[in-house]
Amino acid sequence: MDTTTDTVLFDALGLAAPLLKAVQETGYTTPTPIQAKAIPLALQGMDLMAGAQTGTGKTAAFALPILQKLLPFASSSTSPAKHPIRALVLTPTRELAIQVEESIKIYAKHTPLKSLVVFGGVDIKTQTPHLKTGIEILVATPGRLLDHVEQKTLNLGQVQILVLDEADRMLDMGFMPDLKRILALLPKQRQNLMFSATFSNEIKKLADDFLTNPTLIEVARSNATNDNVTQKVYVVAQTNKQALLTQLLSESDSQQVIIFTKTKITASKLSRALQKEGIAADAIHGDKSQKERIEALDAFKAGKITALVATDVAARGLDISDLPMVINYEIPSAPEDYVHRIGRTGRAGASGVAISLVCEEEEKYLAEIEKLIKRSITRETIEFKNTAKKAAKSAYTEDHNSQNANESLSSNRQATKSRQYVRKPSCDPWFDKPYEPSVAVAKPQYNTSSSNKAPVAALLGGLRAK
Ligand code: AMP
1 MDTTTDTVLF DALGLAAPLL KAVQETGYTT PTPIQAKAIP LALQGMDLMA GAQTGTGKTA
61 AFALPILQKL LPFASSSTSP AKHPIRALVL TPTRELAIQV EESIKIYAKH TPLKSLVVFG
121 GVDIKTQTPH LKTGIEILVA TPGRLLDHVE QKTLNLGQVQ ILVLDEADRM LDMGFMPDLK
181 RILALLPKQR QNLMFSATFS NEIKKLADDF LTNPTLIEVA RSNATNDNVT QKVYVVAQTN
241 KQALLTQLLS ESDSQQVIIF TKTKITASKL SRALQKEGIA ADAIHGDKSQ KERIEALDAF
301 KAGKITALVA TDVAARGLDI SDLPMVINYE IPSAPEDYVH RIGRTGRAGA SGVAISLVCE
361 EEEKYLAEIE KLIKRSITRE TIEFKNTAKK AAKSAYTEDH NSQNANESLS SNRQATKSRQ
421 YVRKPSCDPW FDKPYEPSVA VAKPQYNTSS SNKAPVAALL GGLRAK
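Take the sequence shown: its position 406, counted from the start at 1, is 406 in my numbering, and no numbers get skipped.
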């Protein structure tokens, strides 16, 4: 999908000069389709239900109109009373909350409007003094917001605009009760902007319950995947997945790959196995402390880690500029997760590759995914090379030790079958060209200077850096 539009320019959207200046400095030339559609409607004060894939520029699509609508209230006074919370952005994860607020700060840099992010997993007392200084735009995860409400450290009585970002994931993560509690605390007269990558019936119900005559905006077919992303499937025995992954990583020039697993345990084991293969890998998942997750992300963004092994929840909302590749080591059982996963690459018009390693047992999930995205994914063939064979052998040995004889025999048969695949002579051109990161938006970095991690880091329990 082309994520920019030739017909509309930012200055035709009715945005104020300080916002246009910030957008220009950020390097954006044309609004993305979601921005072109959402910004004028949001400026008119309409409720929106927007279906936008990850990476389509949806943050600016709500942040810019929010800032514009709050400009008349902007005050350079230091009195907290002059800076009540007027816009509330709710996100499902801490990582997304951080990224959204970083973007808001960038777009607001030529205005006196102030923003803050609050999320769980860190000491609540560190957030309270910042809240007390007064801020117009608060980005929060639902649980921590309610903690602050209970401690009476914030007041939501003047919220004029509410954003539910990645609403589908908020429901998946069980935030519905929290959302209901929060919505009950907000003034009834307000504007609501809801963004969701997928449109399930549950999402439509949420929209019916909380939005007032919403305008539906879709920039791509709901549940669609980004056309900039080349999707491939390698059918491979479970026992050979690790070997194939190692081979794919060693053959690619990529500086950044996110590898998805279904469980924290697999993420942990795989990260360790990749480290043993000499690959700078790390893992993130929901049980990690906020500090560890930020450190791992920063190391990944800085290129100290090339392979980030992640579970769905941990990877949610990550915006790594120009991530060229994602690999599904395991296929998600919820097909919507596939859409979210591969949305990590091919962002804002860049191209990307999404590879899925699919074993026989996972074929049924693949069929569900293909049904959801309304297209079939090309099955590719590949030949294992020597190094990978060695790894395949060790993977088999590990498997053999942990399973009974019959299971091992069938694994062995599968392994033999999958080694018969022949490598296609012409491979994707992406593999041939060196990795060239394009100029990304300069984002403030979290201070992780305390981290003196080795390039091959180990964040999960029981892991040791090599
Ligand atoms: P989002 O979907 O909001 O997470 O945005 C994905 C990426 O697109 C971020 O890195 C943004 O900085 C970038 N982006 C947003 N709007 C534009 C635009 N109009 N032109 C180019 N890049 C953009």
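Beta carbons: idealized from backbone N, C-alpha and C, even for Gly.
Asked, Found
"Residues near S79 in its chain [Cβ-Cβ closer than 8 Å; skip 5 each side]", "G134"
"Neighbourhood of M49 by C-beta distance below 7 Å, restricted to the same chain and skipping five residues each side", "M194, A207, L211, P214 and L216"
"Selected residue, minimal CA-CA separation from G57, among V219, V139, Q158 and P187", "V219"
"Inter-residue Cα distance where the pair is D209 and K180", "10 Å"
"Residue span of the alpha helix (DSSP H) that contains G286, given as start and end", "Careful: G286 lies outside any alpha helix (DSSP H) and carries neither H nor E."
"Contact check, I265 vs L245, beta carbons under 8 Å", "no"
"Spatial distance of V23 from A108 (CA atoms)", "10 Å"
"Exposure of N240, with buried meaning 16 or more beta-carbon neighbours within 10 Å", "buried"
"Environment of T345 [buried if 16+ CB atoms lie within 10 Å]", "buried"
"Of the listed residues L146, A36 and K205, nearest to L185 (C-alpha basis)", "L146"
"Burial state of S271, where buried means 16 or more other Cβ atoms lie within 10 Å", "buried"
"Neighbour-count burial assignment, L460, 16 or more Cβ in a 10 Å radius", "Residue confidence is low: L460 scores 24 on pLDDT, short of 50, so the model does not pin down where it sits. Its coordinate-derived value is still stated next. The residue in question, L460, is buried, as its Cβ has 16 or more Cβ neighbours within 10 Å."
"The region 146-166 / the region 64-76 touching (three or more Cβ pairs under 8 Å)", "yes"
"Cβ-based burial, R379 [other Cβ within 10 Å; buried from 16]", "exposed"
"Through-space distance from A12 to G286, alpha-carbon basis", "42 Å"
"When P324, I85, Y365 and E25 are compared against V149, the one with the closest alpha-carbon", "I85"
"Residues that DSSP places opposite Y234 in a beta bridge", "L357 and E380"
"Where V8 sits in the DSSP three-state scheme", "coil"
"Chain-order list of residues whose beta-carbon lies under 7 Å from that of S449 (same chain, five-residue window excluded)", "Bear in mind that the predicted position of S449 carries a pLDDT of just 33, short of 50, making it unreliable; the figure below should be weighed with that in mind. Nothing listed; no residue qualifies."
"Beta-bridge pairing of I259 - partner residues as DSSP gives them", "V309 and I327"
"For Q238 and V422, the rounded distance between their alpha carbons", "Residue placement at V422 is flagged as unreliable, the pLDDT there being 28, under the threshold of 50; a coordinate-derived value is accordingly withheld."
"Coil, strand or helix - E368 by DSSP", "helix"
"Enclosing alpha helix (DSSP H) for L164 [first to last residue]", "That residue, L164, is in no alpha helix (DSSP H); its beta strand (DSSP E) goes I161 to L164."
"CA nearest to the CA of K232, picked from A273, E295, A354 and L308", "A354"
"Three-way DSSP call (helix, strand, coil) for V139 in this model", "strand"
"Three-way DSSP call (helix, strand, coil) for Q191 in this model", "strand"
"Own chain partners of N406 with C-beta closer than 6 Å, once the 5 adjacent residues on each side are dropped", "In this prediction, N406 has a pLDDT of 26, which is less than 50 and means its spatial position is unreliable; what the coordinates show is noted afterwards. Here the set comprises nothing."
"Simplified DSSP state of I217, which is helix, strand or coil", "strand"
"P485 beta carbon near the ligand AMP (any heavy atom closer than 7 Å)", "As shown, the chain starts at 1 and ends at 466. That puts residue 485 outside it, with no answer to give."
"CB-CB length for L164 against L90, believed under 8 Å", "6 Å"
"Endpoints, alpha helix (DSSP H) assigned at S250", "K241 to E251"
"Enclosing alpha helix (DSSP H) for L270 [first to last residue]", "K264 to K276"
"Near the ligand AMP: G55 beta-carbon under 7 Å from a heavy atom", "yes"
"Within 8 Å, strictly: CB atoms of A197 and G303", "no"
"Alpha-carbon spacing of V326 relative to E368, whole angstroms", "19 Å"
"Exposed unless 16 or more other CB atoms sit within 10 angstroms - verdict on A81", "exposed"
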